[in-house]
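**Student:**
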Amino acid sequence: MAIGLRHRVGVAALELEGDEQVLEIGCGPGVATRLLAKALPRGRVVALDQSAKAIAQLTAGASDEIAAGRIVPRTAALEDAGLAPQSFDAILAINVDLNRRLGDRWPRLLARFLKPSGRLVLAFEAPPGSRNGDLFTRNATAALTGFGFSVSETRHDEDGQSVTVLHAVST
Ligand SMILES: C[S@@+](CC[C@H](N)C(=O)[O-])C[C@H]1O[C@@H](n2cnc3c(N)ncnc32)[C@H](O)[C@@H]1O
1 MAIGLRHRVG VAALELEGDE QVLEIGCGPG VATRLLAKAL PRGRVVALDQ
51 SAKAIAQLTA GASDEIAAGR IVPRTAALED AGLAPQSFDA ILAINVDLNR
101 RLGDRWPRLL ARFLKPSGRL VLAFEAPPGS RNGDLFTRNA TAALTGFGFS
151 VSETRHDEDG QSVTVLHAVS T
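Start counting the sequence shown at 1; every next residue gets the next number (the UniProt record's numbering).
Here it is, written out as structure tokens:
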């Protein structure tokens, strides 16, 4: 899969310094995961996906980063992964509609895994003409602010692609 606007702006929105511990939820075949690993020469990304096929694709395409310990692939659903509390500086999820699957319980789950003042970036690319981006943004913003996150939103349009990015920090 080629690098898309959602991968570029999602990773850039994390404003990584290079030594962070990052969780990517729903990494798919690992396009953003490899961008994250590049941005984390002294850090690490735990790449989580419930799909064994997706993790196999990531593993096939990122053998050097995995051998170096900069990408740690995990086949698991977020809610079953048993991640340690307060273990991540930042969390990224791109085109993963957590509302749909987890209702309103996901902000609590993510807050638990973040270190104090950790940050969360959710990026969503809606198909052209679709209102799914607006729906995702509205629902996710309500869920996050309801749990005490401070949320800001940016919109990125390029070559007919439209990506909404939510940037949230625990208050
Ligand atoms: C639409 S794909 C996006 C893949 C990638 N982030 C991208 O944008 O190229 C959504 C991915 O999230 C994964 N996923 C959805 N809900 C998940 C959950 N609760 N825990 C882990 N993975 C999940 C799916 O298996 C799928 O690979």
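Every residue, glycine too, gets a C-beta built ideally from N, C-alpha and C.
Bear in mind that the values here come from a model prediction, so they are computed numbers and not experimental data.
Should residue 158 go down as buried or exposed, given a rule of 16 or more other Cβ atoms within 10 Å for buried?
**Tutor:** Locating residue 158 in the sequence shown gives position 158, where the first residue counts as 1. Exposed.
**Student:** Let me confirm a value: residue 153 is counted as buried when at least 16 other C-beta atoms fall within 10 Å, else exposed. Which label applies?
**Tutor:** For this step, residue 153 is matched to residue 153 along the sequence shown. Label assigned to residue 153: exposed.
**Student:** Which residues mark the beginning and the end of the beta strand (DSSP E) in which residue 73 is found?
**Tutor:** As a first step, residue 73 must be located in the sequence shown, where it is residue number 73. That run of the beta strand (DSSP E) goes 71-75.
**Student:** For residue 63, name the three-state secondary structure that DSSP assigns.
**Tutor:** Taking the sequence shown and counting its residues from 1, one reaches residue 63 at position 63. Residue 63: helix per DSSP, three-state reduction.
**Student:** Where does residue 10 land, buried or exposed, given buried means 16+ other C-beta within 10 angstroms?
**Tutor:** Taking the sequence shown and counting its residues from 1, the one referred to as residue 10 is at position 10. Per the 10 Å Cβ criterion, buried.
**Student:** If you follow the alpha helix (DSSP H) that residue 134 is part of, which residue opens it and which one closes it?
**Tutor:** Residue numbering aside, residue 134 sits at position 134 when the sequence shown is read from its first letter. It spans 132-146 - the alpha helix (DSSP H) in which residue 134 sits, taken as one unbroken run.
**Student:** Mapping DSSP to helix, strand and coil, what is residue 91?
**Tutor:** Counted from its first residue, the sequence shown places residue 91 at position 91. In the structure shown, residue 91 sits in a strand (DSSP, three-state: E or B).
**Student:** Which term fits residue 3, buried or exposed, when burial requires 16 or more other beta carbons within 10 angstroms of its beta carbon?
**Tutor:** Position 3 of the sequence shown, counted from the first residue, corresponds to residue 3. So residue 3 counts as exposed.
**Student:** Quick one: residues in its chain with C-beta nearer than 7 Å to the C-beta of residue 171, no 5 flanking neighbours on either side, listed in chain order?
**Tutor:** By 1-based counting over the sequence shown, the position of residue 171 is 171. So the list reads 148, 149 and 150, once near-sequence residues are dropped.
**Student:** Kindly indicate which residue of 166, 39 and 94 has the alpha-carbon position closest to the one of residue 48.
**Tutor:** Along the sequence shown, one-based indexing puts residue 48 at 48. Selected option, being the one with the closest Cα: 94.
**Student:** Go ahead and label residue 73 buried or exposed: buried means 16 or more other beta carbons lie within 10 angstroms of its beta carbon, across all protein chains shown.
**Tutor:** Numbered from 1 along the sequence shown, position 73 holds the residue referred to as residue 73. The residue is buried, with at least 16 neighbouring Cβ atoms inside 10 Å.
**Student:** Mind checking whether the beta-carbon of residue 49 lies closer than 7 Å to any heavy atom of ligand 1?
**Tutor:** By 1-based counting over the sequence shown, the position of residue 49 is 49. Because some heavy atom of ligand 1 lies under 7 Å away, the Cβ of residue 49 counts as near it: yes.
**Student:** Whether or not the region 95-113 and the region 140-147 are in contact is what I'm after, with contact meaning three or more pairs of Cβ atoms, one per stretch, closer than 8 Å; do they touch?
**Tutor:** Verdict: yes, contact present.
**Student:** I need the DSSP call for residue 15, collapsed to helix, strand or coil.
**Tutor:** Residue numbering aside, residue 15 sits at position 15 when the sequence shown is read from its first letter. Of the three classes helix, strand and coil, the one that applies to residue 15 here is coil, per DSSP.
**Student:** Anyone know if the C-beta pair for residue 14 and residue 169 falls short of 8 Å?
**Tutor:** Mapped onto the sequence shown, residue 14 falls at position 14. Mapped onto the sequence shown, residue 169 falls at position 169. No.
**Student:** Which two residues bound the contiguous beta strand (DSSP E) that contains residue 31?
**Tutor:** Reading the sequence shown from its first residue, position 31 is the one you call residue 31. That residue, residue 31, is in no beta strand (DSSP E); its alpha helix (DSSP H) goes 31-39.
**Student:** In three-state terms, what does DSSP make of residue 173?
**Tutor:** Residue 173 is absent from the structure shown; the chain starts at 1 and stops at 171.
**Student:** Pick from 103, 52 and 1: whose alpha carbon is nearest that of residue 31?
**Tutor:** To locate residue 31, count along the sequence shown from 1; it is residue 31. With distances taken between Cα atoms, residue 31 lies closest to 1.
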